[in-house]
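Undergrad:
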Amino acid sequence: MRTSIEPGRAGFAEGLVSEWTKFRTVQSTRWTLAAMAAFVLGIAVFVGATRSLQPDDTVLGGSLTGATVGLLVAASFGVLVMSREFATATIGATLMACPRRGVVLAAKTTVTAAVMFGVALATSFLAHQVGTVMLPDTYAPGTPMPALLGVAACFSVTALGGLAVGTLLRHSAGAITTMVSVLLLPTLIGPLLGGWERWVAGASPVAAVQKLSQSSDAAPAAVGSLGAWPSLWLVCGYVLVTLVGAGLVFRRRDA
Amino acid sequence: MIEASGLTKRYGDRLAVDGLSFQIRPGRVTGFLGPNGAGKSTTMRLILGLHTPSRGSVTVNGRRYRDLSTPLREVGALLDARAVDGGRTAQDHLLWLAQSNQIPRRRVDEVLELAGLAPVASRRVGGFSLGMAQRLGIAAALLGDPGVLIFDEPVNGLDTEGIRWIRGLMRGLAAEGRTVLVSSHLMSEMELTADQLLVIGQGRLLADTTMQDLIEGNAEAGTLVRSPQWPGLRDLLEGRGARLRPDQQGRWQVLGLNAEAIGQLAAEHGIALHELTPRRSSLEEVYVQMTDTRVEYRATGPAPGQPATTTSSNGG
Numbered sequence: 171m172r173t174s175i176e177p178g179r180a181g182f183a184e185g186l187v188s189e190w191t192k193f194r195t196v197q198s199t200r201w202t203l204a205a206m207a208a209f210v211l212g213i214a215v216f217v218g219a220t221r222s223l224q225p226d227d228t229v230l231g232g233s234l235t236g237a238t239v240g241l242l243v244a245a246s247f248g249v250l251v252m253s254r255e256f257a258t259a260t261i262g263a264t265l266m267a268c269p270r271r272g273v274v275l276a277a278k279t280t281v282t283a284a285v286m287f288g289v290a291l292a293t294s295f296l297a298h299q300v301g302t303v304m305l306p307d308t309y310a311p312g313t314p315m316p317a318l319l320g321v322a323a324c325f326s327v328t329a330l331g332g333l334a335v336g337t338l339l340r341h342s343a344g345a346i347t348t349m350v351s352v353l354l355l356p357t358l359i360g361p362l363l364g365g366w367e368r369w370v371a372g373a374s375p376v377a378a379v380q381k382l383s384q385s386s387d388a389a390p391a392a393v394g395s396l397g398a399w400p401s402l403w404l405v406c407g408y409v410l411v412t413l414v415g416a417g418l419v420f421r422r423r424d425a
Numbered sequence: 500m501i502e503a504s505g506l507t508k509r510y511g512d513r514l515a516v517d518g519l520s521f522q523i524r525p526g527r528v529t530g531f532l533g534p535n536g537a538g539k540s541t542t543m544r545l546i547l548g549l550h551t552p553s554r555g556s557v558t559v560n561g562r563r564y565r566d567l568s569t570p571l572r573e574v575g576a577l578l579d580a581r582a583v584d585g586g587r588t589a590q591d592h593l594l595w596l597a598q599s600n601q602i603p604r605r606r607v608d609e610v611l612e613l614a615g616l617a618p619v620a621s622r623r624v625g626g627f628s629l630g631m632a633q634r635l636g637i638a639a640a641l642l643g644d645p646g647v648l649i650f651d652e653p654v655n656g657l658d659t660e661g662i663r664w665i666r667g668l669m670r671g672l673a674a675e676g677r678t679v680l681v682s683s684h685l686m687s688e689m690e691l692t693a694d695q696l697l698v699i700g701q702g703r704l705l706a707d708t709t710m711q712d713l714i715e716g717n718a719e720a721g722t723l724v725r726s727p728q729w730p731g732l733r734d735l736l737e738g739r740g741a742r743l744r745p746d747q748q749g750r751w752q753v754l755g756l757n758a759e760a761i762g763q764l765a766a767e768h769g770i771a772l773h774e775l776t777p778r779r780s781s782l783e784e785v786y787v788q789m790t791d792t793r794v795e796y797r798a799t800g801p802a803p804g805q806p807a808t809t810t811s812s813n814g815g
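In order, the protein sequence lines correspond to chains R and V.
Position one of the first sequence corresponds to residue 171 (our numbering), numbered consecutively onward.
Position one of the second sequence corresponds to residue 500 (our numbering), numbered consecutively onward.
(1) Between which residues of its own chain and residue 557 of chain V is the CB-CB distance below 6 Å, once the five residues before and five after are set aside?
(2) Hey, does residue 253 of chain R have any beta-carbon neighbour from chain V nearer than 9 Å?
(3) Touch check for the stretch 315 to 325 of chain R and the stretch 276 to 292 of chain R: three-plus C-beta pairs under 8 Å?
(4) Since I believe residue 337 of chain R is in contact with residue 257 of chain R (beta carbons under 8 Å), could you give me their beta-carbon distance rounded to a whole number of angstroms?
(5) Please list, in chain order, the residues of the stretch 182 to 202 of chain R that have any C-beta partner in chain V closer than 7 Å.
(6) Report the three-state DSSP secondary structure of residue 518 of chain V (helix, strand or coil).
(7) Quick one: what's residue 898 of chain V bridged to in DSSP?
(8) How many angstroms separate the CA atom of residue 609 of chain V from the CA atom of residue 176 of chain R?
(9) Thinking just about the alpha-carbon of each residue, which of V:576, V:687, V:686 and V:561 is nearest to the one in residue 448 of chain V?
(10) Applying the criterion that 16 or more other CB atoms from any shown protein chain within 10 Å of the CB defines a buried residue, is residue 349 of chain R buried or exposed?
(11) Sort V:650, V:646, V:750 and V:783 by Cα distance to residue 687 of chain V and report the nearest one.
(12) Apart from the five residues just before and just after residue 262 of chain R, which ones in its own chain have a Cβ nearer than 8 Å to its Cβ?
(13) Find the residues of chain R that neighbour residue 567 of chain V, judging by a C-beta separation of less than 8 Å, and give them in chain order.
(14) Is any beta-carbon of chain V found at less than 9 Å from that of residue 259 of chain R?
(15) My parser needs the beta strand (DSSP E) runs of 3 or more residues fully inside the stretch 722 to 753 of chain V; what are they?
(16) Taking the straight line between their C-alpha atoms, what separation do you get for residue 573 of chain V and residue 592 of chain V?
(17) Is the shortest distance between the beta-carbon of residue 733 of chain V and the beta-carbons of chain R less than 9 Å?
(18) Please identify the residue among R:378, R:379 and R:184 whose C-alpha is closest to the C-alpha of residue 601 of chain V.
(19) Select from the stretch 600 to 611 of chain V all residues with a C-beta closer than 7 Å to any C-beta belonging to chain R, and list them in chain order.
(20) Can you list, in chain order, the residues of its chain whose CB lies under 7 Å from that of residue 406 of chain R, leaving out five sequence neighbours each side?
(21) Distance cutoff 9 Å, beta carbons only. Does residue 262 of chain R sit that close to anything in chain V?
(22) Taking 9 Å as the CB-CB limit, is residue 576 of chain V close to chain R?
(23) Compare the Cα-Cα distances from residue 245 of chain R to each of R:227, R:354, R:181 and R:214 and report the closest residue.
(24) Quick one: what does DSSP say residue 779 of chain V is sitting in, helix, strand or coil?
(25) Tell me which residues of the stretch 518 to 551 of chain V have at least one Cβ-Cβ distance to chain R shorter than 8 Å, keeping chain order.
(26) Does residue 349 of chain R come within less than 9 Å of chain V when only Cβ atoms are used?
(27) Answer yes or no: does any C-beta atom of chain V fall closer than 9 Å to that of residue 176 of chain R?
(28) Between R:215, R:362, R:420 and R:243, which lies nearest to residue 286 of chain R when the distance is taken from Cα to Cα?
(29) Quick one: give me the first and last residue of the alpha helix (DSSP H) that residue 233 of chain R is part of.
(30) Using a Cβ-Cβ cut-off of 9 Å, state whether residue 284 of chain R counts as contacting chain V.
(31) Measure the C-alpha to C-alpha separation of residue 823 of chain V and residue 767 of chain V and round it to an integer number of angstroms.
(32) Report the start-end ranges of each beta strand (DSSP E) in the stretch 604 to 687 of chain V that is 3 residues or longer and not cut off at the edges.
(33) Just the chain R side, please: which residues come within less than 9 Å of residue 585 of chain V by C-beta, in chain order?
(34) Terminal residues of the continuous beta strand (DSSP E) containing residue 602 of chain V?
(35) Would you call residue 744 of chain V buried or exposed, if buried means 16 or more other Cβ atoms sit within 10 Å of its Cβ?
(36) Please report the residue range of the alpha helix (DSSP H) in which residue 176 of chain R lies.
Below, the structure written as C-alpha cells:
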C-alpha cells in the first residue's frame, strides 16, 4: 500500500533548508569556523597584550592582524562545503534530490555566504572590542563602521571563491592550495608588475581586508594603490566570474 | 515506467553504453544483468540524470530526470551505499534529503523503522557496517514513496536475513504497482526476484525478455534421452530436425525438440525410452553462455523448444 504524501516542491527554498541542515549536521564545518574565530580573536588578544603593532597602526588594524590567516581558513571552509560532497560522493544524492544544478549551487552559495558573513562579522567585531579594551589611546582608533561590514563581506566572498574553486577542482587539497596562492601571491608579485600592480595586488581579499581595517600594512607598495572599497568590489567581481564559470562547468559535467 | 531510446554514452574513445533501447514497466521486478563493465551502473546514472547521454535519451514517467519537479517523490535510487557523509547521523542524512523535496519529517522516522534502522537513527553513518549502509540507502530510496525504484547491487554486504528482507521488499514494491529495476551479479538472486530481465554486455542489449523465456528459449539445455533402440530413434529425431549430442553417461542430449515431441515420436514408432529428462538451464548457465561467448541475442521471445536465433558477433 502506498502511503500518500501531500504534494511538495523541490526548488531554491527547499534547497536552502536542505543545505542548512547539511551544514549544521556535520561537525568538521563547524570546527573550521570555530578555529577561524578562535585564531582571529587569539591574535587580537596577543597583539593587545604585547602591543606588537607599528606605532602608526590603528586599533582596528592591529585588532584584525589575524585576518589574513582567518581569510585562509574562510577560503578552506568554502572549498570544503563543496569538496566534501565530492570526497564522500554525497554529490550523487544531492543531484538526485535536486537535478537542477544551478539551484544546488545557488543554495550552497547562499548558505555559505550567510554563515561566513555572520561568523566573520561577530569575530571581527569582538576582535575590535578586544583591541579597544587592551590597546592604549596612543594608537589612532580607526573607523570601525562600515569597515567591519566590509571585512565580514570580504570573508564571505573569499569563502565563495573557495566554493567556486572547490566546485571546479573537486579535490580539497588542490582547491585549498589554489586558494592560498590566490590569497597570498598578488601581494608578493604585484609590485613586479608596474602599472598593473594596483589591479593585481589590490585583487587579493587579503589586500582588501588590510585596507578596510586601516592597517599600516596596507601600504600601496604592498597591496596596490586601489582604495579599500574598490578593492573589495574588485574581489567580488573576480569571485562572481569564478562562481559563474564553476556553475557552467558544474551544470555540464557528469557527476 | 523507464524508457530508453538509442541511449549511448561515450567516455573518450570508450563506448560504455551503446544504443540501448528498452522499456521497464511497472508492476514487476526487472533484473539488470551483465558482467562487470557492461554498462549497468552507467545506464543507471544516465537514467538518474547524473551523466548526460552522448546520444539518445532516457525518460522516467515520460520526462527526463532533470525535468522532474520533485524527483525523490517519483524515483528512489540506491547506487552506492557508501556514498554518504560518514560524519552525519542516519536521521540527519534522511532529513536533508526529505527537506530538499518537501517530504514531511515523519517519513524519515517511517523509513528508518521500515529499514530496521530506528535503533541506530542517531548514530553516525561512518560507523555503519556495509549492511547497515545498504539499509540506509534503501531507506533513502523509499523516502519520497516513489513509483519508480532503482537499486544497484542492493544485496551486497547483507546477511541472509537482510537478503531475504530485500527480496520480499522488492517483490512487495512491484506488487504495489511500482517500477522496480535492480541490478545484481548474483544469478541465483535474480532467479528468485526478477520477473523480467534486461541483459547487457559491452554496453549493448543482449536480451530483454522474461526470466522463463530466457531460460527456456536461450538455454541450449534440451532433453536427455536414453533408449535401447537408439539408432532407430536417432534417425527419427534427425528427420525432425533435432540436433543431438552424446553425454558422458551414454545418454543423448536432444536439442530443438521438446520432451513431449520426443516421447510422442517414440510412442508412434514403438520405441522404448529408458529416460526422458527435460533439462532446464539455470539463469547462471544462460548468462555465462550469453556474455562469455559474446553471442548477440535478438531475444524477441523465441517459441519454447525452438533454438533462439543467434548471430555471432565479432565484438565490433
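A virtual CB, placed ideally from N, CA and C, is assigned to each residue, including glycine.
Just so it is clear, the structure is predicted and the values come from calculations on it, not from any experiment.
TA: With the structure as the only source:
(1) 503, 506, 545 and 546.
(2) Residue 253 of chain R does not count as touching chain V.
(3) Because the criterion of three Cβ pairs below 8 Å is met, the stretch 315 to 325 of chain R and the stretch 276 to 292 of chain R touch.
(4) No, residue 257 of chain R and residue 337 of chain R are not in contact; Cβ-Cβ is about 13 Å, not under 8 Å.
(5) Residues of the stretch 182 to 202 of chain R with a C-beta atom less than 7 Å from some C-beta of chain V are 184, 185, 187, 188, 191, 192, 195, 196, 197 and 198, listed in chain order.
(6) In this structure, residue 518 of chain V counts as strand in the three-state DSSP scheme.
(7) With chain V covering 500 to 815 only, the question about residue 898 of chain V has no answer from this structure.
(8) The alpha-carbon atoms of residue 609 of chain V and residue 176 of chain R are separated by roughly 15 Å.
(9) Examination of residue 448 of chain V is not possible in this model, given that chain V is present from 500 through 815 alone.
(10) With at least 16 other beta carbons inside 10 angstroms of its own, residue 349 of chain R counts as buried.
(11) With distances taken between Cα atoms, residue 687 of chain V lies closest to V:783.
(12) For residue 262 of chain R, the CB contacts under 8 Å within the same chain, skipping 5 residues up- and downstream, are 425 in chain order.
(13) Ordered by position in chain R, the residues that pass the 8 Å Cβ test against residue 567 of chain V are 269.
(14) So, interface residue.
(15) You should have 722 to 725 and 742 to 745.
(16) Rounded to whole angstroms, the gap between the alpha carbons of residue 573 of chain V and residue 592 of chain V is 19 Å.
(17) Cβ-Cβ to chain R under 9 Å: no for residue 733 of chain V.
(18) Nearest of R:378, R:379 and R:184 to residue 601 of chain V, Cα basis: R:184.
(19) Taking 7 Å as the cut-off between beta carbons, the residues of the stretch 600 to 611 of chain V near chain R are 600, 601, 602, 603 and 606, in sequence order.
(20) Excluding sequence neighbours, residue 406 of chain R sits near 327.
(21) Yes, residue 262 of chain R lies at the interface with chain V (some Cβ there is under 9 Å from its Cβ).
(22) So, interface residue.
(23) That would be R:354, whose Cα lies nearest to the Cα of residue 245 of chain R.
(24) In the three-state reduction of the DSSP assignment, residue 779 of chain V falls in the coil class.
(25) Cβ proximity to chain R below 8 Å picks out 544, 547, 548, 549, 550 and 551 from the stretch 518 to 551 of chain V.
(26) Chain V, which has no Cβ nearer than 9 Å to the Cβ of residue 349 of chain R, makes this no.
(27) Judged by the 9 Å Cβ criterion, residue 176 of chain R is in contact with chain V.
(28) Answer by Cα proximity: R:243.
(29) That run of the alpha helix (DSSP H) goes 229 to 233.
(30) Not a single CB atom of chain V sits nearer than 9 Å to the CB of residue 284 of chain R.
(31) No information on residue 823 of chain V is available, as it lies outside the stretch 500 to 815 that chain V covers here.
(32) You should have 647 to 651 and 678 to 682.
(33) Here the neighbours are 258.
(34) Note, residue 602 of chain V: premise wrong, no beta strand (DSSP E); not H, not E.
(35) Its Cβ having fewer than 16 others within 10 Å, residue 744 of chain V is exposed.
(36) Looking at the DSSP string, residue 176 of chain R is not in any alpha helix (DSSP H), and its letter there is neither H nor E.
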